Amino acid sequence: MPERSALIARSAWSPRKLGCYIAFTRETRHRGYRDDMRAVYTSAGLVHEARHLARILLAQMPERWQHTIGVAGQAEQVIPTVPAADADLLVAVAWLHDIGYAKMLRTSGFHPLDGARYLTAHGCPLRLAALVAHHCEAFLIAEVRGLAEELATYPREQSAVTDALTYADQTISPGGQPMTFQHRLTDMLHRHGPDSPNAAVHPRREPLLRAAVNRVERRLAAARPSAAARHVSP
Ligand SMILES: [Fe+2]
48 MPERSALIAR SAWSPRKLGC YIAFTRETRH RGYRDDMRAV YTSAGLVHEA
98 RHLARILLAQ MPERWQHTIG VAGQAEQVIP TVPAADADLL VAVAWLHDIG
148 YAKMLRTSGF HPLDGARYLT AHGCPLRLAA LVAHHCEAFL IAEVRGLAEE
198 LATYPREQSA VTDALTYADQ TISPGGQPMT FQHRLTDMLH RHGPDSPNAA
248 VHPRREPLLR AAVNRVERRL AAARPSAAAR HVSP
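Here the sequence shown stands for residues 48 to 281, numbered as in my numbering.
Below, the structure is given as C-alpha cells:
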C-alpha cells in the first residue's frame with residue numbers, strides 16, 4: 048500500500064485549498080453574493096476538502112474515523128447554533144479535529160497540537176488550525192503535559208463555534224455512536240485512567256465542557272424548538 052503522504056501528494060487535495068475556500072467565502076460576502084449560493088459553494092468546497100483530508104489521514108484508524116464521521120454529523124445538526132457565516136467552518140473543523148492522532152502527523156504526541164501544526168504548516172488559515180488546537184479545552188491538558196507554551200501560539204477562541212464543536216465531540220462515542228455528555232465523560236475517564244492528564248484536569252475541564260454543551264442546547268432550543276427534543280441531553 049502506498050504511503051499516506053504519497054496518497055495525499057497524488058490526490059487533488061491540498062491543505063492550502065482550505066485557505067483558498069475561506070478566502071473565497073470572505074470575498075464573496077464582501078461583494079454581497081446571495082446567501083444561498085454562498086452556502087452551496089462553501090459547503091461543497093471547504094467541508095468536502097476537510098472530509099477528504101481526514102479520510103486519508105485516518106485511513107489506518109477505523110475507530111477514530113467512525114468517531115470523526117459521527118462528530119461531523121453532530122456538527123451539522125447544531126449548525127443553527129452558530130452564525131451562518133461560520134457554518135462551513137464548524138463542519139470542516141469537526142472533520143479535522145482529530146487528524147493529529149494520525150501517526151504521520153505526530154510530533155508532540157498531543158493530538159490537538161499536532162493536528163494544528165500540520166494544518167498551519169500546509170497553509171491553512173490560523174483560525175481553522177486554532178480551533179483544532181484548542182478543541183474541547185485542550186489548553187488544560189496541555190498545561191499538565193508541559194505543552195502550554197506551544198499550544199498558546201494558537202489563539203484560543205471562545206464562541207458559538209467552539210461550543211458547537213465541544214458539543215459535537217462530547218456527545219459522540221469513540222466509536223461514532225451518539226452518547227450522553229455524562230456517559231462520554233465517564234467513558235473518557237475510564238479509558239484514560241486515574242493517573243492521566245485528562246483525569247488531573249477534570250475538575251477544571253468538566254465545568255467548561257458542560258457549560259458549552261448547555262449553551263448549545265439552549266441555542267438549539269431557541270433556533271429549532273421542535274428539533275431540540277431529538278438531541279442527546281447531558
Ligand atoms: Fe474527537
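Backbone N, C-alpha and C fix where the C-beta goes; we use that ideal spot for every residue, glycine too.
Computed from a predicted model, the values in this text were never measured in an experiment.
Any non-hydrogen atom of ligand 1 closer than 8 Å to residue i Cβ
i: Asp216; result: yes
i: His144; result: yes
i: Val118; result: yes
Proximity test, residue i beta-carbon vs ligand 2 heavy atom, cut-off 8 Å
i: Thr115; result: Here the bound small molecules are ligand 1; ligand 2 is not part of this structure.
Supposed close pair residue i, residue j - CB separation, criterion 8 Å
i: Arg186; j: Ala195; result: Here the sequence assigns Phe to residue 186, which means Arg is not the residue at that position. 7 Å between Cβ atoms; contact.
i: Val118; j: Ala149; result: Incorrect: roughly 16 Å between the Cβ atoms, too far for contact.
i: Ser128; j: Ala258; result: Strictly speaking, residue 128 in this sequence is Thr, with Ser absent from that position. That belief does not hold up - the Cβ atoms of Thr128 and Ala258 are roughly 14 Å apart, past 8 Å.
i: Asp161; j: Gly147; result: 4 Å
i: Leu236; j: Glu184; result: Contact doesn't hold; Cβ gap of about 15 Å is too wide.
i: Leu178; j: Leu232; result: The pair is not a contact, with the Cβ atoms about 21 Å apart (cut-off 8 Å).
i: Ala180; j: Leu152; result: Ala180 to Leu152, Cβ: 13 Å. No contact.
i: Val260; j: Ile188; result: So it is not a contact: roughly 18 Å between Cβ atoms.
i: Ile126; j: Leu136; result: No, Ile126 and Leu136 are not in contact; Cβ-Cβ is about 11 Å, not under 8 Å.
Whether residue i touches residue j by CB criterion (9 Å)
i: Gln124; j: Ala268; result: no
i: Pro225; j: Gln113; result: no
i: Thr167; j: Asp145; result: no
i: Arg164; j: Glu204; result: no
i: Gly193; j: Glu110; result: no
i: Glu190; j: Ala139; result: no
Exposure label - residue i; buried when at least 16 CB within 10 Å
i: Arg265; result: exposed
i: Val263; result: buried
i: Gln217; result: buried
i: Pro250; result: exposed
i: Gly92; result: buried
i: Val87; result: Low local confidence applies: a pLDDT of 35 at Val87 is under 50, so the model's placement there is unreliable, with the coordinate-based value given in what follows. So Val87 ends up on the exposed side.
i: Thr209; result: buried
i: Ala132; result: exposed
i: Pro254; result: exposed
i: Arg252; result: buried
i: Pro159; result: buried
i: Asp234; result: exposed
Count the CB pairs spanning the segment 97-107 and the segment 239-253 that are closer than 8 Å, and state whether there are at least three.
no
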